[in-house]
Structures are given as C-alpha cells and as structure tokens.
Amino acid sequence: MESLKRDPSDDSPRVVLDKAGQILEISGKSLPEDVVDFYQPILNWFHGYRADPNPKTVVTFRFIYFNTASSKMILDILMILELMVEDGRDVLVRWESSGSDDDMQQAGREYEDMVDVPFEHATFED
C-alpha cells in the first residue's frame, strides 16, 4: 500500500499515512479552503487500509486547531477506525494536545464518546 504524505501549510495539517513504517499521524492546523478536496484522499487511504491493516493500528491526532468542517472529516476517519474495531482489528487512537489547550483536550474526549474505538490521551508542552 502506498504511503500518503502531505507537508503542513498555513491552513492544512501534516499528514503521514505510512503502513509499512507504522506511522499514521495527522497534526497541526486544519482549516483548508476545500475540506473535502483535502480530506477525501485521506479517507480513501483509510478505506484501503481497512481491507489489509497492520496487526496493530495506532493513529495519532495532534491538532493545535481545526475548524468545524475539518471536525466532520476527523469524525469520518474515526468512523472508519470504528469499523475496523467491529472487524475485530486492534486499533488505538492517540489524541495528543497541548497541556494548555483545554479545547483540544475536550475535543478528544468528545470524539472518544462518539465512537467505539479505544483512545489514549496525552499532552505535550508548547
């Protein structure tokens, strides 16, 4: 499976989806002008990955900000991960946020309540 990598920009996050390297991470700011155009290849990648995942899947989200449109796309990714859990796969979402960013910490807890996927919450220093 081909990796999907995108460098961060002023309005879009860094994306590393590397099955062979076992690095699945989306980090930074997410407020792309065309959220569907940005996230559709990511959703497609996860759908493909679901068909033949690694024995253990850890997906790291490390946002410093995302807009409402991006929040829906993040939920769509989490729903694919939930399908993997239903398929009997070993999946973990690692939600990392700044220790001083209550909003991002709360967002992670809210996502955890929305999907049936194990979450691990971690904080980092700015």
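Note that the working numbering gives residue 18 to position 6 of the sequence shown, counting from 1, and the numbers run on in steps of one.
Each residue gets a CB set at the ideal place from its N, CA and C atoms; glycine is no exception.
Between which residues of its own chain and Glu132 is the CB-CB distance below 8 Å, once the five residues before and five after are set aside? Within the sequence shown, residue 132 is the residue found at index 120, counting from 1. Excluding positions up to five away in sequence, the list reads Leu104, Val105, Arg106 and Trp107.
Put Phe127 into one of helix, strand or coil per three-state DSSP. In the sequence shown, counting from the first residue as 1, residue 127 sits at position 115. For the sequence presented, residue 127 should be read as Val rather than Phe. Coil.
DSSP three-state label for Asp114, please. Residue 114 sits at position 102 when you count from the first residue of the sequence shown. Of the three classes helix, strand and coil, the one that applies to Asp114 here is helix, per DSSP.
Give every residue of the same chain whose Cβ lies closer than 8 Å to the Cβ of Ser112, excluding the five residues on either side of it in the sequence, and list them in chain order. Taking the first residue of the sequence shown as position 1, residue 112 is located at position 100. Within the same chain, Ser112 has close Cβ partners Asp138.
My guess is that Pro25 and Ile38 are in contact by the Cβ rule of under 8 Å, so how many angstroms apart are they, rounded? The sequence position of residue 25 within the sequence shown is 13, counting from 1. The sequence position of residue 38 within the sequence shown is 26, counting from 1. Confirmed, about 5 Å.
Helix, strand or coil: which one does DSSP assign to Ala119? Position 107 of the sequence shown, counted from the first residue, corresponds to residue 119. Helix at Ala119.
Taking 8 Å as the CB-CB cut-off, is Ile86 touching chain C? The structure shown contains no chain C; it is built from a single protein chain.
Going by the beta-carbon positions, is the gap between Leu87 and Met126 smaller than 8 Å? What you label residue 87 is simply residue 75 of the sequence shown in a count that begins at 1. What you label residue 126 is simply residue 114 of the sequence shown in a count that begins at 1. Going by C-beta atoms, Leu87 is nearer than 8 Å to Met126.
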